[in-house]
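Below: the structure, in C-alpha cells.
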C-alpha cells in the first residue's frame, strides 16, 4: 500500500493514514522525492496524526526524507506528531531541530508559508 501524496499549489500534502512497515516507508520516501522532482514543489507538509509509534528504521526514514527534500529545494513541515513518536525520535538521536512543526494540517500549511516567506 502506498502513502497518497497530494499537490496543492507549490506544496505537497502527505497524510500518513496507514501503519508504516520498512517497505512502505522506503516506497514513501521514493514516491515523495519523485513527486518533488516532477512538480517542482517548494514545500511538503507531512501529517503524522495517525502515526502512533515508529521504530528506528521509520524514524531514520523521516530524518532522511527531510534531508533529501532539502537537497531538492523543498522545505518539510511535520504536523500532528504524537508524544510517543517525538519521544522515540529523540531517544534515537533524531532531533530534526531545523524542521518546523505544527499541531494540524491547516497550521502546517500556514507554517510552511511562513518558512517560505509567502505570506
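In the UniProt record's numbering, the protein residues as written are 1 to 119.
Built from N, CA and C at the ideal position, the CB exists for glycine as well.
What you are looking at is a predicted structure, and each value in this text was computed from that prediction instead of being measured.
In angstroms with no decimal places, state the Cα-to-Cα distance between residue 2 and residue 33. Taking the chain shown and counting its residues from 1, the one referred to as residue 2 is at position 2. Taking the chain shown and counting its residues from 1, the one referred to as residue 33 is at position 33. Those two C-alpha atoms are separated by around 14 angstroms.
Pick from 21, 47, 111 and 85 that is closest to residue 5, judged by C-alpha positions: Start at 1 with the first residue of the chain shown, and residue 5 comes out as number 5. It is 47 whose Cα lies nearest to the Cα of residue 5.
Three or more C-beta pairs under 8 angstroms: does that hold for the stretch 52-61 against the stretch 104-118? no
Under 8 angstroms by Cβ, that's how I've got residue 29 and residue 65 pegged, so tell me the actual separation to the nearest angstrom. Position 29 of the chain shown, counting from 1, holds the residue named residue 29. Position 65 of the chain shown, counting from 1, holds the residue named residue 65. At roughly 5 angstroms, the Cβ-Cβ gap stays under 8 angstroms, so residue 29 and residue 65 are in contact.
Less than 6 angstroms between C-beta atoms, sequence neighbours within five positions excluded: which residues of the same chain meet that for residue 49? What you label residue 49 is simply residue 49 of the chain shown in a count that begins at 1. Taken in chain order, the residues that qualify are 80.
So, are the CB atoms of residue 116 and residue 43 less than 7 angstroms apart? By one-based count along the chain shown, residue 116 stands at place 116. By one-based count along the chain shown, residue 43 stands at place 43. Taking 7 angstroms as the Cβ cut-off, residue 116 and residue 43 qualify as a contacting pair.
Should residue 18 be listed as close to the ligand PLP, given that the test is whether its C-beta is under 6 angstroms from any heavy atom? The ligand PLP is absent from the structure shown, which contains no ligand whatsoever.
Rounding to the nearest angstrom, what Cα-Cα distance links residue 92 and residue 59 in this structure? Stepping through the chain shown from its first residue, residue 92 is reached at position 92. Stepping through the chain shown from its first residue, residue 59 is reached at position 59. C-alpha separation (whole angstroms): 8 angstroms.
Cβ separation of residue 63 and residue 96, assumed to be a contact under 8 angstroms, to the nearest whole Å: Working through the chain shown from its first residue, we reach residue 63 at position 63. Working through the chain shown from its first residue, we reach residue 96 at position 96. Right, their Cβ atoms sit about 6 angstroms apart.
Report buried or exposed for residue 90, applying the criterion of at least 16 other Cβ atoms within 10 angstroms of its Cβ. Counted from its first residue, the chain shown places residue 90 at position 90. Classification for residue 90: exposed.
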